[in-house]
Amino acid sequence: MSKFVSKLSALACGAAMVAIAPFAAHSADKVITVWDLQTTDGAVKVIRDAADRFEKANPGYKVEDTHILNDAYKTKIKIAFGANEPPCVFSSWGGGPFREYVAANQVVDLTPYLDKDPAFKDRFAPASFGAVTVDGKIYGLPAENTAIAVVFYNKEMFEKLNLTPPKTWDELLQVIDVLKKNDIAPFALANKNKWTGSMYYGYLVDRIGGPEAFANAAQRKDGGSFADPVFVEAGKRLQELVNLGAFQKGYNGLDYDVGGSRRLLYTEKAAMELMGTWEASTIGNENPEFAKKLGFFPFPSVPGGKGDPSDLLGTLGDNFVSVTNACPEKDKAVELVKFLTDDIAAAGRVADSRLPPIKNLKVDNPFLQDVSKLVSEAKSVQLWWDQELPPKLGELHKDTSQALFGLSKTPEQVAEEFEAAAKAELK
Amino acid sequence: MTLTDIVTRPAEGGAGGAALSLRTLAPAIFLAPAILMLAVYLLYPLVDSFRLSLLDWNGLGSDARFVGLDNWKKLASDTLFWEAAWNNILLAVFSVLVQMPIALVLAVVLDNAGRGSRILKILYFLPLLMSSVALGVLFKYFYDVTFGPLNAILDFVGLGYLAQDWLGDTRLALGAVIAVVCWQYIPFYMVLFMAGLASFPAEISEAAKLDGASETTIFWKMKLPHLKGTIRTAVVLSVIGALRYFDLIYVMTGGGPEGASELMATYMYRNVFSSFQLGYGSTVASGMFIIVILIASVLLRFSKRYETEV
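Order-wise, the sequence lines are chains A and B. Residues in the first sequence are numbered consecutively from 196, following the working numbering. Residues in the second sequence are numbered consecutively from 670, following the working numbering.
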């Protein structure tokens with residue numbers, strides 16, 4: 196049987212090759228494939244420009260850049276690695292899932308390349324390598340943005356209602372109260388995606404227990420535990436917001452990827468949204484008129500909390516670019532990665548309202564200056580929980596935080612369930 | 670040259686042995702492509718997912734660990750999986766209860782409508798031609814709490830109190846998606862029933878009419894019994910389809926909120942692709958396969974008496 200099958204498949208392959216051959220002959224160029232999750236015009240242009248510059252500098256090479264929507268990207272890249280056919284260059288957030296790829300020996304160690312070119316390496320903010328460093332080796336370069344979660348709000352609406360950005364929990368509750376009275380949903384939240392709501396929980400844990408609360412629990416050190424009262428209180432505060440009606444109706448069903456929450460901002464049915472700073476660039480592309488009204492403030496402090504209100508949740512790099520071991524042209528792919536993260540590309544991203552984590556970056560845009568200031572003053576920048584945790588726990592965290600929002604689980608239940616899973620998963 | 674030419678010509682020449690081998694070879698050659706495809710895309714993955722279900726593996730590296738039946742024990746006590754399986758059964762039950770009657774009514778009406786019904790036939794058939802993903806996105810907007818037409822219509826006709834958070838409410842999400850699934854597949858069964866009705870001999874119904882039977886009697890006593898084989902096929906297809914359903918749920922709710930619309934297939938997907946558990950995900954897939962086979966064979970066994978040639 197197997198002989199029969201192999202003969203037949205050989206026949207089929209032969210036929211396919213005959214069919215393809217005439218086309219293949221035309222493109223003698225070596226192809227370097229790039230997958231990323233940049234889908235806005237501005238971001239795609241920067242990548243294509245870098246690819247063009249690379250092609251010019253390297254005749255005989257072609258860059259095939261593919262841009263995929265966020266959630267679809269996560270699946271596609273996983274399948275590609277599993278099937279051993281990943282692209283040459285891929286984007287990631289670093290952290291837990293990325294470490295799985297590195298552990299599976301799928302990602303090229305960039306340290307030797309960077310050591311050969313210290314001037315290039317030293318341009319990056321040192322902290323930005325944290326998410327892509329495994330056992331002291333660097334496996335990715337921070338490319339796209341400094342993405343930190345901040346509360347975006349409609350400045351014009353706040354002015355009209357005589358509101359100022361809240362600095363503390365109590366001020367936040369007052370803002371919510373006023374907005375509710377004016378029939379405006381305080382927060383727009385698209386929580387079908389779950390990572391969107393996770394940010395609220397992450398910030399509350401930080402503000403209540405400081406960055407150590409999560410870090411110790413995730414790294415299983417200094418008695419850290421997800422069953423700690425800090426996590427329970429964070430859950431209680433989150434559900435307090437839910438019960439106050441701080442989120443628009445239908446939050447657990449809306450899809451962020453198709454603009455579910457932003458539409459509420461645009462139509463002034465909601466006033467604020469806790470979101471990564473990429474949102475500014477997304478809104479700038481989607482609705483330039485509304486972008487003019489957009490302001491932001493850091494997540495408020497919680498009374499009696501240990502966390503410093505300057506602490507941030509997010510990533511220095513947002514997307515990191517890495518090269519896969521399966522790539523036949525590794526050296527060239529690394530060169531391409533350098534084009535993708537060089538000063539010209541960085542300037543292009545700045546022009547697109549984004550802030551790659553590069554030192555002494557010339558920034559005129561007041562929004563980016565503000566973000567840059569927040570980051571430089573932050574005592575801690577915690578990577579998104581769902582990206583920092585190993586995939587299984589990251590998924591459970593997203594599920595349990597959605598359940599907190601849905602009020603179907605108590606903060607105590609969530610804390611215990613999560614701790615039990617963490618105990619089993621993290622040794 | 671036709672198939673019979675190839676097969677029979679050597680026989681006419683009197684070469685009996687060659688004829689025999691060709692007689693057996695020809696079907697084999699013609700079947701080979703289909704069998705090959707089935708083997709590669711159905712049989713192999715099926716067997717392989719049973720093999721994978723015995724491993725603790727993230728699907729990436731070479732660090733797969735053989736854990737025997739551990740995954741299967743976990744599956745047996747995994748409430749999330751059984752809730753998902755229950756949702757599949759709900760989907761199957763409602764698919765049959767909603768799709769079959771509506772499809773049958775549409776088929777009968779269109780069958781009797783005569784001229785002018787062609788445009789209706791095309792219109793009713795349209796949902797089936799749309800891609801599930803496009804449909805899912807479309808209905809996501811349709812159900813949107815704030816901007817969706819559904820709530821707006823309810824409001825407009827004074828039923829505003831019925832407006833709901835269709836996809837975000839754990840009690841409604843599954844039902845909301847099931848409604849769309851039904852909408853998408855009713856045309857398929859409609860066409861099936863129309864084909865069944867078309868094969869009903871006109872002279873029989875004419876004879877019945879001459880004997881004084883009314884249209885209603887003809888339908889209940891003659892056409893419906895004539896369709897029973899088709900209905901059985903439709904029910905089995907619908908149930909099996911529902912048990913392995915994936916696309917609209919994935920696009921519209923992702924199995925959420927809080928697993929309220931989780932199906933076995935979306936649960937498997939999340940295990941493999943989001944939690945990086947290829948081993949356990951394969952156990953879910955294999956468990957799903959066993960459940961579908963069991964239900965399908967019970968269904969076929971107990972509906973055997975409705976079997977007809979059609």
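For every residue, glycine included, the Cβ atom is placed at its ideal position computed from N, Cα and C.
Among the CB atoms of chain B, none fall inside 7 Å of the CB of residue 326(A). Taking all protein chains shown into account, residue 940(B) has 16 or more neighbouring C-beta atoms within 10 Å of its C-beta and is therefore buried. Excluding the 5 residues flanking it on each side, residue 813(B) has no same chain C-beta neighbour closer than 6 Å. Under the three-state reduction of DSSP, residue 702(B) is assigned to helix. Counted as a single uninterrupted DSSP element, the stretch harbouring residue 866(B) is not any beta strand (DSSP E) but the alpha helix (DSSP H) occupying residues 842-867. Cβ atoms of residue 905(B) and residue 823(B) stay farther apart than 8 Å, at about 36 Å. For residue 467(A), the uninterrupted beta strand (DSSP E) run begins and ends at 465-471, by DSSP. Fewer than three Cβ pairs drawn from the segment 240-257 of chain A and the segment 469-480 of chain A lie within less than 8 Å of each other, which leaves the two stretches out of contact. When 8 Å is used as the limit between beta carbons, residue 292(A) is near these residues of chain B: 945, in chain order. Between residue 498(A) and residue 288(A), the CB-CB gap reaches or exceeds 7 Å. The segment 288-300 of chain A makes contact with the segment 570-589 of chain A, as at least three CB pairs between them are under 8 Å.
If the five residues before and after residue 818(B) are omitted, its C-beta is found closer than 7 Å to the C-beta atoms of 811, all from its own chain and listed in chain order. Sequence-distant partners of residue 473(A) (beyond 5 residues in either direction) whose C-beta falls short of 6 Å from its own C-beta, in its chain, are 340, 342.
Per DSSP, the continuous alpha helix (DSSP H) segment holding residue 755(B) begins and ends at 748-763. Neighbours of residue 742(B) in chain A, taken as residues at a C-beta separation under 8 Å, are lacking, since the least C-beta distance is about 15 Å. DSSP lists no beta-bridge partner residue for residue 500(A). Segment contact: the segment 345-362 of chain A against the segment 410-418 of chain A, fewer than three CB-CB distances shorter than 8 Å; contact not assigned. Proximity of chain A to residue 849(B) at the Cβ level (cut-off 7 Å) is not reached, the minimal Cβ distance being about 14 Å. Note on the segment 377-424 of chain A: whole beta strand (DSSP E) runs with a minimum of 3 residues are 380-382, in chain order.
Around the beta carbon of residue 706(B), a 10 Å sphere encloses fewer than 16 other beta carbons of the protein chains shown; the residue is thus reported as exposed.
Taking a cut-off of 8 Å on C-beta distances, the segment 860-867 of chain B does not touch the segment 831-840 of chain B, as fewer than three cross pairs fall below it. Three or more Cβ pairs closer than 8 Å define a contact, and the segment 908-920 of chain B meets that threshold against the segment 755-772 of chain B. Under the DSSP assignment, residue 250(A) falls outside any beta strand (DSSP E), being part of the alpha helix (DSSP H) whose first and last residues are 236-252.
Residues of chain A with a Cβ closer than 9 Å to the Cβ of residue 881(B) do not exist; the shortest Cβ-Cβ separation is about 57 Å.
Counting other Cβ atoms within 10 Å of its Cβ, residue 423(A) reaches 16 or more and is therefore classed as buried. Residues of the segment 818-844 of chain B whose Cβ lies closer than 8 Å to any Cβ of chain A, in chain order: 834, 835, 836, 837, 838, 839, 842. Ranked by Cα distance from residue 716(B), the first of 959(B), 975(B), 972(B) is 959(B). Contact annotation for residue 603(A) against chain B: 839, 927 [CB-CB distance below 7 Å, chain order].
Flagged as an interface residue toward chain A: residue 814(B), by a C-beta distance shorter than 7 Å. Boundaries cannot be given for residue 930(B), as no beta strand (DSSP E) includes it and DSSP labels it neither H nor E. Look at residue 447(A) here: in three-state DSSP terms it is helix.
Taking the C-beta atoms as reference points, residue 805(B) is found nearer than 7 Å to residue 917(B).
Secondary structure of residue 551(A) (DSSP, three-state): coil. If you look at residue 263(A), you'll find it isn't in any beta strand (DSSP E); DSSP assigns it neither H nor E.
For residue 306(A) and residue 808(B), the gap between their C-alpha atoms comes out near 48 Å. Proximity of residue 463(A) to chain B, defined by a Cβ-Cβ separation below 7 Å, is not satisfied.
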